[in-house]
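The C-terminal position of the sequence shown is numbered 168 in my numbering, with every residue numbered one higher than the one before it. The beta carbon of each residue, even a glycine, is placed where N, CA and C say it ideally should be.
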Amino acid sequence: PASEDARITQQLPTPSEEEIEAARGADPVDGMREHIPEIAEKMNALAQDINAVAVLLTCKGRLLSHTGRLAVDDAMALAQAATENWRTATRVADILGQRLEQYEQSTEGGEYTLYSLSVVEDIILSIAIDTHIAIGIVRHSVKGTADALRSLLGDTG
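Next comes the structure, spelled out in structure tokens:
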């Protein structure tokens with residue numbers, strides 16, 4: 012209502028860029044920049060090892076890196092789906108009064124199985140494989156790559 016608007020006598024100051032950055036906290040991606048060649052090497056090795064259609068690394072809904080046979084648009088769509096699944100699992104843990112320590116999920120549908128595993132915080136490693144490949148066969152390789160990425164990024168979990 013207009014009467015409430017009339018009571019506002021002072022606007023809050025607009026925060027500076029430094030204040031905005033400080034409020035956001037450290038971006039996990041910043042710590043990855045120096046390791047991009049090693050990250051790409053490990054993702055490519057995983058893709059070849061398990062004959063993945065795609066290997067994706069995401070953070071907060073962003074596709075950080077991908078390799079494989081999928082077009083970029085399809086890889087981005089899969090990355091978004093993996094992030095939404097992770098966020099749902101995080102919300103469920105919150106509702107139950109718990110903290111999601113480790114995220115792992117596989118979803119089968121259509122031509123592909125999507126398997127996702129948390130690496131560090133909200134950095135998720137996901138793979139898409141043909142549905143005829145048993146997820147149990149590739150799980151060990153994916154976990155090994157996640158462990159290697161975790162070590163590379165300086166978090167031993």
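Between the region 150-166 and the region 74-83 there are fewer than three inter-stretch CB-CB distances shorter than 8 Å, so the stretches are not counted as touching. Counting C-beta pairs with one atom in each stretch, the region 121-137 and the region 91-105 have three or more that are closer than 8 Å, which means they touch.
The three-state secondary structure of residue 78, taken from DSSP, is strand. For residue 65, the pairing in a beta bridge is given by DSSP as 79 and 139. For residue 111, there is no enclosing alpha helix (DSSP H), as DSSP marks it with neither H nor E. Closest option to residue 64, judged by alpha-carbon separation, among 50, 152, 131 and 124: 124.
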